[in-house]
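Student: Quick one: this structure, given as structure tokens, is what I'll be asking you about.
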Amino acid sequence: MTDIRRKPRHRRRRTAVAVGVPLALTAAGTFAYGTDLGLFGADAQASASAATAAPAWETATADGFASVDALGQKGTYGGRDGKTVTVKTLADLEKYATAAEPYVIVVAATINMNPVGKEIKVASDKTIVGSGTSGQIVGGGFFLGTGVHNVIIRNLTIRDAYQGIWNDKDHDFDAIQMDGAHHVWIDHNDLRHMADGLIDVRKDSTNITVSWNKLSDNNKTFGIGWTTNVVTDITIHHNWFRETEQRNPSTDNAAHAHLYNNFLEDAAGTTIKSSYGNYSRGRTKMVLENSYFQGMNNPVTRDSTAAIVQKGNTFVATSGRNESGGTAFDPKTFYTYSLDRTADVPALLKAGVGPRSNIGTAATATTKAAAATTLTVAADGSGQYRTVQAAVNAVPANNPSRVVISVKPGTYRELVKVPSNKPHVTIQGSGASRKDTVIVYGNAAGMTKPDGSGTYGTPGSATLSVQSDDSQVRNLTVTNDFDESKHQDIANQAVALLTQADRIVLDGVIVNGDQDTLELETAAKDKLGRVYISNSYITGNVDFIFGRATVVVDKSVITLKKRWNGTSAGYVTAPSTPANRKGILINRSAITGDVTAGSFFLGRNWHPGGDTTVDPQATVRDTTLSAAIKSTPWTDMGGFSWKDDRFAEYRNTGAGAGTASTNRPHLTDTQATGQEVADWLGDWTPSA
0 MTDIRRKPRH RRRRTAVAVG VPLALTAAGT FAYGTDLGLF GADAQASASA ATAAPAWETA
60 TADGFASVDA LGQKGTYGGR DGKTVTVKTL ADLEKYATAA EPYVIVVAAT INMNPVGKEI
120 KVASDKTIVG SGTSGQIVGG GFFLGTGVHN VIIRNLTIRD AYQGIWNDKD HDFDAIQMDG
180 AHHVWIDHND LRHMADGLID VRKDSTNITV SWNKLSDNNK TFGIGWTTNV VTDITIHHNW
240 FRETEQRNPS TDNAAHAHLY NNFLEDAAGT TIKSSYGNYS RGRTKMVLEN SYFQGMNNPV
300 TRDSTAAIVQ KGNTFVATSG RNESGGTAFD PKTFYTYSLD RTADVPALLK AGVGPRSNIG
360 TAATATTKAA AATTLTVAAD GSGQYRTVQA AVNAVPANNP SRVVISVKPG TYRELVKVPS
420 NKPHVTIQGS GASRKDTVIV YGNAAGMTKP DGSGTYGTPG SATLSVQSDD SQVRNLTVTN
480 DFDESKHQDI ANQAVALLTQ ADRIVLDGVI VNGDQDTLEL ETAAKDKLGR VYISNSYITG
540 NVDFIFGRAT VVVDKSVITL KKRWNGTSAG YVTAPSTPAN RKGILINRSA ITGDVTAGSF
600 FLGRNWHPGG DTTVDPQATV RDTTLSAAIK STPWTDMGGF SWKDDRFAEY RNTGAGAGTA
660 STNRPHLTDT QATGQEVADW LGDWTPSA
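In terms of numbering that gives the first Met the number 0, the sequence shown has 377 at position 378, counting the first letter as 1, and numbering is strictly consecutive.
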């Protein structure tokens with residue numbers, strides 16, 4: 000198989016990179032369709048190797064320019080290859096931060112720098128992360144010198160080195176300073192009230208990402224440059240600059256500066272007044288996208304020798320210079336990223352920047368966690384459990400690391416639910432084929448529950464329900480075998496597999512049903528829920544890939560079935576996507592089946608309960624369409640016109656493909672660059 004993301008190439012350096020591509024995909028062979036439900040090349044067991052059980056925050060890798068392979072460093076992952084230590088004193092923090100070997104250093108207390116202004120000299124291959132919101136550095140910060148690389152600083156509050164002089168020339172007390180460092184990720188920190196800079200990226204430091212930080216109550220906030228060389232590559236996204244006077248940032252002689260989805264706020268009635276916002280100086284090339292400027296003086300400025308390309312920014316109650324010009328670069332030639340809607344940025348950042356209570360709190364041991372726990376299931380009693388649900392029940396609540404439930408070949412007639420408080424669960428068939436292990440049941444929406452408390456409803460009919468984040472289903476079959484022909488008296492939506500969580504992987508699976516086979520939802524309407532489906536088979540007839548989740552169906556076969564009475568008519572997708580989210584993307588797949596030509600729509604727009612706030616989206620691209628697909632492949636639902644929502648095709652082939660028209664919209668090549676797998680997945684890389 001080819002990579003799920005494009006391979007960006009750093010034009011100034013020789014190393015080509017495939018940012019965030021799962022190892023299982025890069026190592027796989029050529030993708031080919033088989034003639035039955037057993038061939039994707041070879042119908043081998045899914046290659047879900049036992050991942051290490053380190054917490055997600057410990058193994059997190061950077062996005063943006065910090066993810067680009069360069070200078071001998073493959074992305075930025077910090078100290079993940081070393082031990083995890085918890086520190087509560089300055090002596091211990093300095094001991095591990097300056098050590099030669101890699102460490103994940105969890106700061107679990109307020110640490111006062113002595114003397115005030117002290118900057119710990121961080122060595123390479125370190126992750127320094129606050130434990131929840133308790134990790135605070137007071138009166139000093141960190142220094143990364145020449146050649147220091149692969150450093151992550153996350154989830155910390157670094158504050159209060161201020162010496163009472165606003166334009167302080169004598170005290171170079173920074174929160175984070177780097178001189179000649181590379182591959183550094185500064186993420187989810189609260190940086191404020193320092194004597195000098197909150198962040199200084201100096202002297203040819205490069206491959207830097209600064210994300211989801213709050214920078215506030217400061218004068219010279221964020222400086223980049225201090226060199227005549229044009230070397231620095233930097234990504235600055237989802238940061239809230241509030242009550243900061245200058246350098247927001249000031250970017251001098253940066254080769255590539257990509258700023259997006261930042262919020263710059265100068266609140267009325269406060270003593271701090273902004274001098275300027277984003278400044279492109281010297282020979283900087285800057286791309287500035289979807290950022291929100293509130294009350295700023297001179298929100299965007301540039302030197303005549305510098306470039307700024309602005310796209311989609313919003314300016315409210317600003318004054319003074321707001322400039323653009325020159326030629327910059329396309330960030331997507333270096334890495335993939337997704338933009339949030341500009342109007343959402345203030346609320347999104349107010350809720351999301353700074354230290355998070357769920358980061359860093361799982362690390363209390365002094366070494367990395369062991370390999371993933373494996374629980375075995377066998378219907379014949381040869382495993383630890385006889386049912387899949389019994390194994391799920393055995394997973395401890397709030398498990399911090401992956402648990403693999405290995406299910407031996409056989410048919411398991413049961414309902415399985417992975418609750419929301421049990422993340423990192425993989426349910427995986429252990430047979431040679433995905434057909435060897437089958438989980439099956441036959442509930443439908445209109446069936447009465449055994450306790451008489453009402454009907455199941457559509458989600459409640461699911462054979463397998465996955466409600467926990469970072470969970471996976473691999474190498475097995477999930478079926479709802481409800482018999483519509485015998486039960487036309489009740490609502491016959493019958494879900495085989497339901498997801499209601501974020502970062503879900505369905506790989507090498509068969510999902511069988513009729514109406515509403517595969518329901519892909521989120522934990523709540525305002526929550527993100529991403530699902531990556533690969534190398535799989537999905538069968539059904541009516542709305543059988545549906546819901547409000549952000550879904551990629553990649554390199555898979557979608558099989559159309561006749562209705563219970565032998566007729567051919569149906570709809571592949573029924574998205575109910577919230578506005579400003581991505582919907583359903585079918586990519587590099589095949590849609591086929593033994594049904595009448597021209598009898599199936601690619602999809603229709605579902606507005607649940609007449610909800611006017613949703614904006615359903617489905618894109619089908621680079622996919623083979625059989626003659627079963629109608630020449631006008633989209634249709635209305637519930638009185639809502641599909642043309643008011645988001646439906647499109649791109650570069651499809653086969654007898655069911657057709658030319659662009661008002662009734663069959665196609666993406667342009669330019670539009671298609673924003674509707675790729677990476678745009679759907681955002682900052683998440685599906686793992687093996």
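For every residue, glycine included, the Cβ atom is placed at its ideal position computed from N, Cα and C.
Bear in mind that the values here come from a model prediction, so they are computed numbers and not experimental data.
Might you give, ordered along the chain, the residues of its own chain that have their beta carbon closer than 7 Å to the beta carbon of T132, omitting 5 neighbours on each side?
Tutor: P354 and S356
Student: Can you look up Q514 in the DSSP assignment and give me helix, strand or coil?
Tutor: strand
Student: Take every Cβ of the segment 246 to 263, pair it with every Cβ of the segment 211 to 230, and state whether three or more of those distances are shorter than 8 Å.
Tutor: yes
Student: Measuring alpha carbon to alpha carbon, tell me which of A390, V86 and A90 ends up nearest A107.
Tutor: V86
Student: Would you mind working out which of G673, P685, S686 and S405 sits nearest D339, comparing C-alpha positions?
Tutor: G673
Student: Quick check on DSSP: helix, strand or coil for Y76?
Tutor: The answer is coil: DSSP assigns Y76 none of H, G, I, E or B.
Student: Any idea which residues DSSP pairs R385 with across the strands?
Tutor: Its beta-bridge partners do not exist; DSSP assigns none.
Student: Let me know the secondary structure DSSP gives W679 once reduced to three states.
Tutor: helix
Student: Got a sec? Which residues, its chain only, sit under 7 Å from R587 by beta carbon, not counting five neighbours each side?
Tutor: D553, K554, D621 and T622
Student: Which same chain residues end up closer than 6 Å to G597 when comparing Cβ atoms and leaving out the 5 residues on each side of it in sequence?
Tutor: K629
Student: Please look up how many angstroms separate the CB atoms of A457 and V494, rounded, as I've assumed it's under 8 Å.
Tutor: It should be noted that the sequence gives Thr, not Ala, for residue 457. Right, their Cβ atoms sit about 6 Å apart.
Student: Have a look at D42 and I509 and give me their C-alpha separation to the nearest angstrom.
Tutor: Because D42 carries a pLDDT of 34, less than 50, the predicted location of this residue cannot be relied on, and no value is offered for it.
Student: Excluding the five sequence neighbours on either side, which residues of its own chain have a C-beta within less than 6 Å of the C-beta of N540, listed in chain order?
Tutor: D513, K560, R562 and G569
Student: Alpha carbon to alpha carbon, how far is D610 from D343? Give it in angstroms, no decimals.
Tutor: Each residue's Cα considered, the two are about 20 Å apart.
Student: For the alpha helix (DSSP H) that G351 lies in, which residues bound it at each end?
Tutor: V344 to G351
Student: If you follow the alpha helix (DSSP H) that E244 is part of, which residue opens it and which one closes it?
Tutor: Element bounds for E244: not the alpha helix (DSSP H) but the beta strand (DSSP E), W239 to Q245.
Student: Looking at the structure shown, is G28 part of a helix, part of a strand, or coil, going by DSSP?
Tutor: Confidence is the limiting factor: at G28 the pLDDT is only 27, short of 50, which leaves the residue's position unreliable, though a coordinate-based value still follows. In the structure shown, G28 sits in coil (DSSP, three-state: anything other than H, G, I, E or B).
Student: Locate the alpha helix (DSSP H) running through A671, then write down its first and last residues.
Tutor: D668 to A671
Student: Note down, in chain order, each residue of its chain lying with its Cβ closer than 7 Å to the Cβ of D195, except the 5 sequence neighbours on either side.
Tutor: D167, H170, D171, F172, D173 and K219
Student: For K416, does the three-state DSSP call read helix, strand or coil?
Tutor: Under the three-state reduction of DSSP, K416 is assigned to strand.
Student: Could you tell me the alpha carbon to alpha carbon distance between D678 and Y334, rounded to whole angstroms?
Tutor: 11 Å
Student: Quick check on L70: buried or exposed, where buried means 16 or more other Cβ atoms within 10 Å of its Cβ?
Tutor: exposed
Student: Output the distance between the C-alpha atoms of G28 and V571, rounded to the nearest integer angstrom.
Tutor: Summary for G28: the model assigns pLDDT 27, below 50, so the residue's position carries little reliability, and this model does not support an answer.
Student: So, are the CB atoms of P615 and D644 less than 8 Å apart?
Tutor: yes
Student: Less than 6 Å between C-beta atoms, sequence neighbours within five positions excluded: which residues of the same chain meet that for F328?
Tutor: Spatial neighbours of F328 in its own chain (CB-CB distance under 6 Å, excluding positions within 5 residues in sequence) are listed in chain order as H255 and K284.
Student: What's the C-alpha gap between P418 and Q466?
Tutor: About 5 Å.
Student: Pick out the complete beta strand (DSSP E) segments inside the segment 505 to 582, 3 residues or longer, and give them in chain order.
Tutor: Counting only runs of 3 or more, we get 509 to 511, 517 to 520, 529 to 533, 536 to 539, 541 to 546, 549 to 553, 556 to 559 and 569 to 574.
Student: Is D91 helix, strand or coil by DSSP?
Tutor: helix
Student: Within a Cβ cutoff of 6 Å, which residues of the same chain sit near S290, ignoring the five residues on either side of it in sequence?
Tutor: N261 and N312
Student: Using the DSSP secondary-structure output, state which residues sit across from H181 in a beta bridge.
Tutor: H148 and T205
Student: With distance defined between alpha-carbon atoms, name the residue in V403, F240, V424 and L463 nearest to R412.
Tutor: L463
Student: Can you give me the Cβ contacts of E694 inside the same chain, cut-off strictly under 7 Å, excluding the 5 residues immediately before and after it?
Tutor: Within the shown structure, residues of the chain are numbered from 0 to 687, placing residue 694 beyond reach of any answer.
Student: Which of the three DSSP states, helix, strand or coil, is assigned to K407?
Tutor: coil
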